[in-house]
Amino acid sequence: MNSIFSIIEYQAFSKEDLKEIFKEKAEGFYKELEDFAKNNENLLGFKNKNSLKAKNYVGIIQTKSGVLEILPKCTNLDSYKKEDSSSNHDKEKLRRCYELDNISKNNDFYEKDFKFNPKNLLINMLKTLKNSPFKKSQISSLQSSKIPLFEVFITMFLDEFDSVYKKGLMRSYLSCEENRAFLKGKLLFNEHIKRNLIHKERFFTS
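Heads up: the sequence shown begins at 296 in our numbering, then just goes up one per residue.
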């Protein structure tokens, strides 16, 4: 299975950031992401000549060498409150981060240690989409937080497939009207008399 590098929306990263996970494959993976960015600037762009930056899209970008997992931008305010909030820098960070205080900490978006989990947020957001297979997904937040996003999607697909398979595919008979040389199906008298007044050996049926 390919290694996974997770970031959030608008986050920048360099080749050096990839080395911790990808080791000697980091350079190849970064080059593949550069090639992807050149052709998909709305999804992934260049911050400068040495780093790439995610845009306002979430999901996965898979290449031969690895997977880039882009999760929703969210910030745990608790981590900022531990810092010195008197500085302008910290105040600016507080203004930029998402206001998560209004979200109950009993919500599934939070893990047991109350750290905000962006992957759980994405799954819950997908469940709100109209006519989406994610709406019926039974995968729990605990499960989704522990497995890669790509595998979450695969699990959801398999769950939906299993549900459809157990219910059975919708099927029905098509009515086919035909003048046959033998009696099969329902005899349509009006058409039979009209078409077979001379040909007594035929039957117009459906």
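Beta carbons are placed, not taken as given, at the ideal position from N, Cα and C, and that holds for glycine.
Query raised in the report: Which of the three DSSP states, helix, strand or coil, is assigned to residue 342?
Result: In the structure shown, residue 342 sits in a strand (DSSP, three-state: E or B).
**Report entry** Separation of residue 497 from residue 491, as counted between CA atoms
**Finding:** 6 Å
Query raised in the report: Leaving out the 5 sequence neighbours to the left and right, which residues in its chain are closer than 6 Å to residue 348 when beta-carbon positions are compared?
Result: 307, 340 and 342
**Report entry** Any alpha helix (DSSP H) of 4 or more consecutive residues that is wholly inside the segment 441-485
**Finding:** Here the runs fully enclosed are 444-462.
Query raised in the report: Using the beta-carbon count (16 or more within 10 Å), is residue 414 buried or exposed?
Result: Here residue 414 is buried: its Cβ has 16 or more other Cβ atoms, across all protein chains shown, within 10 Å.
**Report entry** Sequence-distant residues of its chain with Cβ nearer than 8 Å to residue 478 (five each side left out)
**Finding:** 498 and 500
Query - Beta-carbon gap between residue 351 and residue 315 smaller than 7 Å - result: Annotated as distal: residue 351 and residue 315, with beta-carbon spacing of 7 Å or more.
**Report entry** Three-state secondary structure (DSSP) of residue 493
**Finding:** coil
Requested in this report: Go ahead and pull the three-state DSSP assignment for residue 320.
Outcome: helix
Query raised in the report: Around the C-beta of residue 420, are 16 or more other C-beta atoms found within 10 angstroms, so that it is buried, or is it exposed?
Result: exposed
Query raised in the report: How many angstroms separate the CA atom of residue 461 from the CA atom of residue 443?
Result: Within the model, the alpha-carbon separation for residue 461 versus residue 443 is close to 27 Å.
Query raised in the report: Does the distance from the CB of residue 445 to the CB of residue 356 come in under 7 Å?
Result: no
Report task. With a 10 Å radius around its C-beta and 16 neighbouring C-beta atoms as the bar for buried, classify residue 484 as buried or exposed. Result -> exposed
Query raised in the report: If we count the other Cβ atoms within 10 Å of its Cβ and call it buried at 16 or more, is residue 364 buried or exposed?
Result: buried
Query raised in the report: Taking the C-alpha atoms as reference points, what is the distance between residue 338 and residue 417?
Result: Straight-line Cα distance between these residues: approximately 17 Å.
Requested in this report: Note down, in chain order, each residue of its chain lying with its Cβ closer than 8 Å to the Cβ of residue 302, except the 5 sequence neighbours on either side.
Outcome: 308, 349, 363, 364, 365 and 366
**Report entry** Neighbourhood of residue 324 by C-beta distance below 7 Å, restricted to the same chain and skipping five residues each side
**Finding:** 313, 317, 358, 360 and 361
Requested in this report: Taking 7 Å as the cut-off, decide whether the C-beta atoms of residue 321 and residue 333 are in contact.
Outcome: No, these two residues do not count as a Cβ contact at 7 Å.
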